[in-house]
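For the sequence shown, my numbering gives the first residue as 24, with consecutive numbering after it.
Glycine included, each C-beta is placed from N, C-alpha and C at the ideal position.
Okay, structure first, notes after.
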Amino acid sequence: MIQRTILYIEDDATARALVKRVLSKAGYKVITAQRALEGLDLARKWMPDLILTDIALPDLNGRELTSNLRADPRFASVPIVALTAESSEEKRELALAAGVNGYLTKPFDAKSLLMHMEFFLSGGTEGIDDSKRLQAARDRHLAEVVSRLEARIRELETSNEALTGLDQMKDTFIQLTAHELRTPLTLIAGYGRLLVDHPPLQGMMAQDQDIGMLIKGLTESINRMQTVIEEILTMSRIMTNQIELTLSPTNLGALVARVLGEYEQVCRERQLSVHFNQHEWPVSMRADTDLLRVVINNLLSNAVKYTPDGGQIKLKARMDGQSVHFIVQDTGMGIDPAEQESIFRRFHTVRDIALHSTSKTAFGGGGLGLGLPICRGIVEAHGGRIWVESKGNDPQQSPGSTFCVVLPLITQPRSKNQSSIKRLVPQQ
Ligand code: ADP
């Protein structure tokens with residue numbers, strides 16, 4: 024005999040366990056859900072032979088769940104039975120009006136529950152004989168659904184306002200913290216430089232390699248911290264729409280060549296071969312040079328970080344009269360299609376945060392997850408587009424990633440209130 028499946032939706036754990044035991048013992052396959060939305064998902068997945076549901080559930084109530092299922096032709100003839108502590112005639116009529124086939128009340132005994140299951144599974148159904156009463160119950164049900172919907176929308180609006188407020192507080196906190204950290208860090212960096220240039224220390228460094236290494240480590244860490252803080256401040260500016268682009272004639276090819284120069288040593292150390300032909304790139308376009316430098320630098324730094332030693336990085340460009348299309352392509356670990364949009368969102372890093380290691384150039388080194396959102400903010404502020412193409416993420420096979428950018432050769436200055444995109448000016 025084919026085993027029949029019953030989906031039971033009940034938020035009370037004891038009742039759930041009890042009914043499940045009774046039905047399982049009688050040979051039914053029982054699937055349970057604690058909430059209506061979970062129940063809806065399971066119903067659509069398993070297409071049970073019968074759905075047994077409590078009425079008072081924490082999200083949708085049993086009547087709303089039933090109306091929802093009945094609206095789906097696949098559930099038009101699946102028996103839905105209420106099992107509830109609400110025993111009044113009015114509640115029974117409401118449930119029948121919503122579309123249940125039967126209305127059972129708690130407490131129940133095992134024998135009668137099983138009898139009822141068989142009754143409904145073999146096509147039995149309860150109903151309201153009086154059509155006027157049925158219509159009145161349907162009207163009440165509809166009114167209840169609408170008023171609960173209104174209440175839910177109001178609740179959502181309130182929580183949305185609260186969340187937006189919290190989100191703003193978080194942004195302000197991050198911005199203030201970055202500002203507060205920037206001032207002492209600038210002093211530390213200044214003192215660090217004075218120290219490095221201090222003749223007695225230079226003498227000591229010449230004599231003792233270890234001292235040289237310690238000082239190098241210190242200055243590199245300070246630089247890294249400054250970069251992180253600048254990233255946060257840049258992102259804050261992008262988010263708060265504070266600043267305008269500073270447009271000037273920009274030699275993009277020369278800009279890329281300069282940024283590449285900064286990576287020459289690390290590429291040599293890590294045997295990364297870089298393909299770049301400056302002649303392909305525009306020599307003059309109207310753009311914010313400093314900000315485009317940030318874009319090139321971030322894309323290149325990622326290509327270096329996420330490509331294993333011995334890999335290749337290609338920077339190619341072509342022009343079509345109005346725009347320049349360029350790509351930064353690597354033979355690195357690649358990016359899962361599901362992540363290809365979210366990596367452009369703030370603070371999104373693909374890997375487990377517990378495995379986070381901060382490095383601008385080491386293979387697999389991560390950052391704050393701000394580089395790409397900053398790139399998108401800058402590119403869009405220029406009226407351009409940026410996206411990524413990759414077959415997927417596989418650190419062993421290295422399918423690679425291609426970051427594609429389209430920028431207008433002439434960016435029109437736009438007034439602040441015209442812009443939906445956040446703008447910024449270069450950091451000083
Ligand atoms: P991060 O500072 O973490 O590098 P980004 O915003 O620059 O932040 O990048 C976000 C995430 O996108 C990275 O953590 C990484 O997982 C993924 N990613 C970016 N560029 C590449 C790339 N070239 N290859 C593979 N993954 C990349």
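C-alpha distance - residue i paired with residue j, whole-angstrom precision
{"i": "residue 450", "j": "residue 94", "result": "In this prediction, residue 450 scores a pLDDT of 36, lower than 50, which makes its location untrustworthy; the coordinate-derived value is nonetheless stated afterwards. Cα-Cα distance, rounded: 57 Å."}
{"i": "residue 365", "j": "residue 395", "result": "10 Å"}
{"i": "residue 434", "j": "residue 369", "result": "25 Å"}
{"i": "residue 399", "j": "residue 428", "result": "9 Å"}
{"i": "residue 58", "j": "residue 80", "result": "6 Å"}
{"i": "residue 69", "j": "residue 291", "result": "57 Å"}
{"i": "residue 77", "j": "residue 107", "result": "5 Å"}
{"i": "residue 439", "j": "residue 404", "result": "Bear in mind that a pLDDT of 47 at residue 439, under 50, signals an unreliable position, so the model cannot answer this."}
{"i": "residue 326", "j": "residue 170", "result": "54 Å"}
{"i": "residue 41", "j": "residue 33", "result": "11 Å"}
{"i": "residue 139", "j": "residue 172", "result": "32 Å"}
{"i": "residue 194", "j": "residue 261", "result": "12 Å"}
{"i": "residue 313", "j": "residue 224", "result": "35 Å"}
{"i": "residue 52", "j": "residue 46", "result": "8 Å"}
{"i": "residue 447", "j": "residue 258", "result": "Confidence in residue 447 is poor, its pLDDT being 36 and thus under 50, which makes the residue's placement too unreliable to answer from."}
{"i": "residue 350", "j": "residue 407", "result": "13 Å"}
Supposed contact pair residue j and residue i - C-beta distance, whole angstroms, cut 8 Å
{"i": "residue 242", "j": "residue 215", "result": "5 Å"}
{"i": "residue 347", "j": "residue 316", "result": "Actually they are not in contact, since the Cβ atoms of residue 347 and residue 316 sit about 15 Å apart, beyond 8 Å."}
{"i": "residue 278", "j": "residue 309", "result": "About 13 Å separates the two Cβ atoms, so there is no contact after all."}
{"i": "residue 204", "j": "residue 252", "result": "6 Å"}
{"i": "residue 143", "j": "residue 73", "result": "6 Å"}
Bridge-paired residues (DSSP) for residue i
{"i": "residue 296", "result": "335"}
{"i": "residue 146", "result": "Answer is none; residue 146 lacks a bridge partner."}
{"i": "residue 308", "result": "273"}
{"i": "residue 412", "result": "425"}
{"i": "residue 228", "result": "None; residue 228 has no bridge partner."}
{"i": "residue 128", "result": "107"}
{"i": "residue 349", "result": "340, 428"}
{"i": "residue 433", "result": "309"}
{"i": "residue 53", "result": "29"}
Residue i Cβ short of 7 Å to ligand 1 heavy atom set
{"i": "residue 126", "result": "no"}
{"i": "residue 393", "result": "yes"}
{"i": "residue 356", "result": "yes"}
{"i": "residue 321", "result": "yes"}
{"i": "residue 337", "result": "no"}
{"i": "residue 396", "result": "yes"}
{"i": "residue 414", "result": "no"}
{"i": "residue 329", "result": "yes"}
{"i": "residue 359", "result": "no"}
{"i": "residue 409", "result": "no"}
{"i": "residue 246", "result": "no"}
{"i": "residue 421", "result": "no"}
{"i": "residue 366", "result": "yes"}
{"i": "residue 133", "result": "no"}
{"i": "residue 300", "result": "no"}
{"i": "residue 201", "result": "no"}
{"i": "residue 170", "result": "no"}
{"i": "residue 346", "result": "no"}
{"i": "residue 108", "result": "no"}
{"i": "residue 353", "result": "yes"}
{"i": "residue 259", "result": "no"}
Exercise. In chain order, which beta strand (DSSP E) runs of at least 3 residues are fully inside the stretch 59–97?
Worked result: 73–76
Exercise. Hey, which unbroken runs of the alpha helix (DSSP H) at 4 residues or more fall wholly within the stretch 129–210?
Worked result: 133–144
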